[in-house]
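Student:
Residue numbers (the numbering used here): 310 to 834.
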């Protein structure tokens, strides 16, 4: 009989579900890392919330552990690379807190609109400052939604019930899904210009970090009110303080901070600032939901092998895994490449397979492409939940198998439809194992996709490669590999360089300033 340890305080229904499914369970909370390390070896599963730290040392002592279930979305307290190396599946419950977090955002919006915290403190201090607190109505105001996924769509629905107009910025939100949600899909600049209230519902990634920067905050209309119940790091907190003090920003409410716990912060005490201690998921109902979900997922895995919401394992059978593994690596790299290079609205995506690839189970390959594509915008996406996230945003996904024989014994092609037209990349496997890019936006290339890379589109002219090499050399950047493709002599050329270090914005600016350069971007794989 499988045996599970619940090491954090969790709703009793979790233990009931385990026992009902034939899983033995111990509820032992409050253990120190050393105490946990001493007992973890006897368990097949570990169910946690945020208190238990599943470090590499503890995982190495967990000689029988097969699965870790996090009741909630964040897995910062789990060493996922170490778990993966040890063959331990890590699951979370990414949607159990959705309604609760959305309602908290709405609550903070009301608090800002009517200055409730300040009015409460003033009244309880015996001041009765009726004329000091002049609020605003939500009815008729424009709500700017940054992120229109699961939580964002719930916020939009509630805001429409309050008779607000909702505009949304989300690269994966299709026009059809926007119509279904009843929101207007807009650019970020348009949202900043028009919104009376702005609420963020996006993960923290390289693309969303500091999305409300000082520059973007300056683009907002005077009197805007801002709410963040998503992740710390999405807002430039120093610039937010300046905006509040100058009066350009009428109010701000944060449930999350760059550094937590935020026991001291420059924003504390700033006029028209409201803060809560990361309460987005803190309701009785949400805690019951995530406890039930994590128990059901873990029990399914331990009893029948079913995999749901795994962060480090695709859903595929043991027989398929060895053959599919290199194809999934290729697919994920192609998805990541097109995700980093294709700009603007993504309308649809086609994943085509030919040769040996067409004979395989396409679901893991499609999941891997979508995970690579959407990881550019989400830090919790994986090959299991990527198809769901794509569907949720209305992204049209097509699978195409070709019986034809092409130039390669096996080929995977990924094409995304954007406002600027279709963008296509294709790759193959060398020696049935090594992923290799063979076509990029219609230009034949041959390149590995690994580590830090520099992508350049330039006019094919003598002397360019020398100037580029000099620029990189002066910046102390070493070139690992160099790949060049072009349509015709003297036309447009594409360069893909692997480099040993991260390419800084300063260096990118120098590369873009070189004669003949049309595009220069840093890529990471």
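Note that beta-carbon positions come from the ideal geometry of N, C-alpha and C, so glycine has one too.
1) Which residues in the same chain as residue 699 place their Cβ atom closer than 6 Å to its Cβ, once the five residues preceding and following it in sequence are excluded?
2) If we require 3 or more residues per run, which beta strand (DSSP E) segments fall completely within the segment 510-580?
3) Could you check which residue in 558, 754, 742 has the C-alpha nearest to that of residue 507?
4) Give a yes or no on contact between the segment 378-397 and the segment 543-560, applying the rule of three or more CB pairs nearer than 8 Å.
5) Inspect the beta-carbon positions of residue 656 and residue 726 and report whether they are closer than 8 Å.
6) Whose C-alpha, out of 457, 381, 715, is nearest the C-alpha of residue 319?
7) When DSSP labels each residue in this structure, what does residue 780 get in the three-state scheme?
8) Check residue 680 in the structure and name its three-state DSSP category.
9) Could you compute how far the alpha carbon of residue 816 sits from the alpha carbon of residue 490?
10) Please report the distance separating the alpha-carbon of residue 593 from that of residue 568.
11) Which term fits residue 505, buried or exposed, when burial requires 16 or more other beta carbons within 10 angstroms of its beta carbon?
12) Taking 6 Å as the limit between beta carbons, can you name the residues of its chain near residue 549, skipping five residues before and five after?
13) Quick one: Cα of residue 627 to Cα of residue 610, how far?
14) Thinking C-alpha only, which one of 708, 820, 598 is nearest residue 326?
15) Under 8 Å, do residue 442 and residue 427 count as touching if we go by C-beta distance?
16) Closest to residue 364 by CA distance: which of 353, 351, 341 is it?
17) Write down every uninterrupted run of the alpha helix (DSSP H) in the segment 431-507 whose length is 4 residues or greater and which is fully enclosed by it, in chain order.
18) What runs of the alpha helix (DSSP H), each 4 residues or longer, lie entirely inside the segment 317-388?
19) For residue 654, which of helix, strand or coil comes out of DSSP?
20) Who are the Cβ neighbours of residue 812 in its own chain at under 6 Å, not counting the five residues just before and after it?
21) Indicate the three-state DSSP secondary structure (helix, strand or coil) for residue 393 in the structure shown.
22) Inspect the beta-carbon positions of residue 510 and residue 547 and report whether they are closer than 8 Å.
23) Just how far apart, CA to CA, sit residue 423 and residue 438?
24) Using a Cβ-Cβ cut-off of 6 Å (strictly less than) and excluding sequence neighbours within five positions of residue 835, which residues of its own chain qualify?
25) Buried or exposed for residue 351, please, with buried defined as at least 16 other CB atoms from any protein chain shown within 10 angstroms of its CB.
26) Between residue 480 and the rest of its own chain, which residues show a CB-CB distance below 7 Å, the 5 nearest in sequence each way excluded?
27) For the alpha helix (DSSP H) that contains residue 696, what are its first and last residues?
28) Once you ignore the five residues that flank residue 855 on each side, which residues in its own chain have a CB closer than 6 Å to its CB?
29) Let me check understanding here. Comparing Cα to Cα, which of 650, 787, 696 lies closest to residue 729?
30) What residues in its chain sit with their C-beta under 6 Å from that of residue 584, if we drop five residues either side in the sequence?
31) So the candidates are 617, 532, 516; which of them puts its Cα closest to the Cα of residue 452?
32) Measure the alpha-carbon distance for residue 690 versus residue 359 and round it to whole angstroms.
33) Ordered along the chain, which non-local residues of its own chain (more than five positions away) have a Cβ less than 6 Å from that of residue 487?
34) Do residue 695 and residue 676 have their C-beta atoms within less than 8 Å of each other?
35) What is the DSSP secondary structure of residue 598, reduced to helix, strand or coil?
36) On the DSSP bridge assignment, give the partners of residue 710 in chain order.
Tutor: Once the coordinates are examined:
1) Excluding residues within five positions, the ones whose Cβ falls inside 6 Å are 679, 706.
2) If only uninterrupted beta strand (DSSP E) runs of at least 3 residues are considered, those enclosed by the segment 510-580 are 533-537, 558-563.
3) Nearest of 558, 754, 742 to residue 507, Cα basis: 558.
4) Cβ pair count under 8 Å is below three, so no.
5) Yes, Cβ-Cβ distance for residue 656 and residue 726 is below 8 Å.
6) By alpha-carbon distance to residue 319, the top candidate from 457, 381, 715 is 381.
7) Annotated three-state conformation of residue 780 is helix, per DSSP.
8) Helix, per DSSP.
9) One C-alpha to the other measures close to 42 Å.
10) Across the structure, residue 593 and residue 568 are spaced so that their CA atoms are roughly 26 Å apart.
11) In summary, residue 505 is buried, with 16 or more beta-carbon neighbours lying within 10 Å of its beta-carbon over all protein chains present.
12) Sequence-distant partners of residue 549 (beyond 5 residues in either direction) whose C-beta falls short of 6 Å from its own C-beta, in its chain, are 561.
13) For residue 627, the predicted model reports a pLDDT of 49, less than 50, meaning its position is unreliable and no value from the coordinates is stated.
14) Checking every option, the nearest Cα to that of residue 326 belongs to 598.
15) Cβ distance < 8 Å, so residue 442 and residue 427 count as in contact.
16) Residue 364 has its Cα closest to that of 341, out of 353, 351, 341.
17) Listed in chain order, the alpha helix (DSSP H) elements of length 4 or more contained wholly in the segment 431-507 are 459-470, 484-490, 497-503.
18) Segments of the alpha helix (DSSP H) lying fully in the segment 317-388: 321-329, 342-348, 365-370.
19) It is coil, neither helix nor strand.
20) Hits under 6 Å: 763, 831.
21) If DSSP states are grouped into helix, strand and coil, residue 393 belongs with the helices.
22) Result no, Cβ atoms of residue 510 and residue 547 do not sit closer than 8 Å.
23) If you draw a straight line from the Cα of residue 423 to the Cα of residue 438, it is about 13 Å long.
24) This structure cannot settle anything about residue 835, because the visible part of the chain is limited to 310 through 834.
25) A residue is called buried once 16 or more other Cβ atoms fall within 10 Å of its Cβ, and residue 351, having fewer, is exposed.
26) Excluding sequence neighbours, residue 480 sits near 654, 655, 686.
27) Element bounds for residue 696: 695-701.
28) One cannot answer for residue 855 here, as it falls past the ends of the chain, which runs 310 to 834.
29) Across the set 650, 787, 696, the C-alpha of 650 shows the shortest separation from the C-alpha of residue 729.
30) Contacts found: 563.
31) If we check each option's Cα against that of residue 452, 532 comes out closest.
32) Residue 690 and residue 359: Cα-Cα distance of roughly 19 Å.
33) 494, listed in sequence order.
34) Yes, these two residues count as a Cβ contact at 8 Å.
35) Judged by DSSP in its simplified three-state form, residue 598 adopts helix.
36) The partner list for residue 710 (beta bridge, DSSP) reads 662.
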